[in-house]
Amino acid sequence: MLSCGMSIDGYLDSATVKRLPLSNDADFDRVDAVRATCDAILVGAATVRNDNPSLLVRSKARQRERVARGLRPSPSKVTLTRRAKLDPASAFFASGDVEKLVYCTRPNLTQAKQKLGSVATVVDGGEDVDVHALSHDLHARGVSRLMVEGGGTVHTQFLTADLVDELQLVVAPFFVGDSQARRFVSDGLFPWNPQRRATLAEVRQIGDVVLLRYALSGRFGE
Ligand SMILES: NC(=O)c1ccc[n+]([C@@H]2O[C@H](COP(=O)([O-])OP(=O)(O)OC[C@H]3O[C@@H](n4cnc5c(N)ncnc54)[C@H](OP(=O)(O)O)[C@@H]3O)[C@@H](O)[C@H]2O)c1
Numbered sequence: 697m698l699s700c701g702m703s704i705d706g707y708l709d710s711a712t713v714k715r716l717p718l719s720n721d722a723d724f725d726r727v728d729a730v731r732a733t734c735d736a737i738l739v740g741a742a743t744v745r746n747d748n749p750s751l752l753v754r755s756k757a758r759q760r761e762r763v764a765r766g767l768r769p770s771p772s773k774v775t776l777t778r779r780a781k782l783d784p785a786s787a788f789f790a791s792g793d794v795e796k797l798v799y800c801t802r803p804n805l806t807q808a809k810q811k812l813g814s815v816a817t818v819v820d821g822g823e824d825v826d827v828h829a830l831s832h833d834l835h836a837r838g839v840s841r842l843m844v845e846g847g848g849t850v851h852t853q854f855l856t857a858d859l860v861d862e863l864q865l866v867v868a869p870f871f872v873g874d875s876q877a878r879r880f881v882s883d884g885l886f887p888w889n890p891q892r893r894a895t896l897a898e899v900r901q902i903g904d905v906v907l908l909r910y911a912l913s914g915r916f917g918e
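If you're matching positions, the sequence shown starts at 697 in our numbering and goes up one per residue.
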């Protein structure tokens, strides 16, 4: 499941260092509810560095429901990196009693293990992390439902690999208007095009934002 908020003109963020909130409180709470249904949440290393997200389920009631089902209060956290320039003190690693996985490409694997081995499981990602292989590996580790939360580089790889069953796209009511900012996706060969249109499954207004849910595979809704 791929979840993303973007501006009217398709940007994920501004070009400045400060994180740009795109959604509103009601939608952040909706995302929290979706997170609680997942086994793992994945973001790219740039998002870990730029946004410093904790990626935890915030609602205590949802945490309790997960624990009652025999799960950790929040899903596992997953990231991928080539350069291994990740801070072990960042919220991704420091927050939450949940499993943290780092898929790192081989050239910097040793460095990643030295730096992050005490706060995460560092996995050999091969020459370049292939999102198909990563998904298989996560499945073998017990992850059936993965939530991909950005950024654009990661969205592009999961979508072009045709691995996404559901896309939840939230459109915020403003423009960013700066091509230096990161877009929802970058260039690529996407399985949905003018000849093969995606299926729009739901449109929901949530205050001043709109949620668009697309069914991108036969597994949508399972
Ligand atoms: N609006 C939203 O819903 C939302 C959600 C999330 C993020 N964002 C925004 O998105 C921006 C970041 O997006 P982004 O596209 O620049 O970065 P990203 O997708 O978060 O991360 C890209 C990084 O992930 C690693 N990576 C990606 N593919 C890899 C592969 N195949 N193998 C190994 N490592 C790989 C690399 O890390 P290394 O550089 O460490 O090698 C790469 O630089 C931020 O500004 C953030 O605020 C917005």
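From the three backbone atoms N, C-alpha and C, an ideal C-beta is built for every residue, glycine too. Keep in mind the model is a prediction, meaning the values are calculated, not measured.
Secondary structure at Thr-801: coil, using DSSP grouped into helix, strand and coil. Counting of Cβ neighbours within 10 angstroms places Arg-879 among the buried residues, the total reaching 16 or more. Per DSSP, the unbroken beta strand (DSSP E) holding Glu-862 starts and ends at 862-867. Under the DSSP assignment, Gly-701 falls in the beta strand (DSSP E) whose first and last residues are 698-702. Leu-863 places its beta carbon less than 9 Å from that of Arg-909. In the structure shown, the three-state DSSP call for Thr-712 is coil. If you look at Gln-853, you'll find it in the alpha helix (DSSP H) that goes 848-856. Gln-853 is classed as buried because its beta carbon has at least 16 other beta carbons within 10 Å across all chains shown.
CA-CA distance, Arg-731 to Leu-842, rounds to 9 Å. Assigned with DSSP and collapsed to three states, Asn-748 falls in coil, not helix or strand.
Three or more beta-carbon pairs drawn from the region 728-743 and the region 765-779 are found closer than 8 Å, and the two stretches are therefore classed as touching. Cα atoms of Gly-792 and Pro-890: separation of roughly 43 Å, rounded to the nearest angstrom. For Leu-885, there is no enclosing beta strand (DSSP E), since its DSSP letter is neither H nor E.
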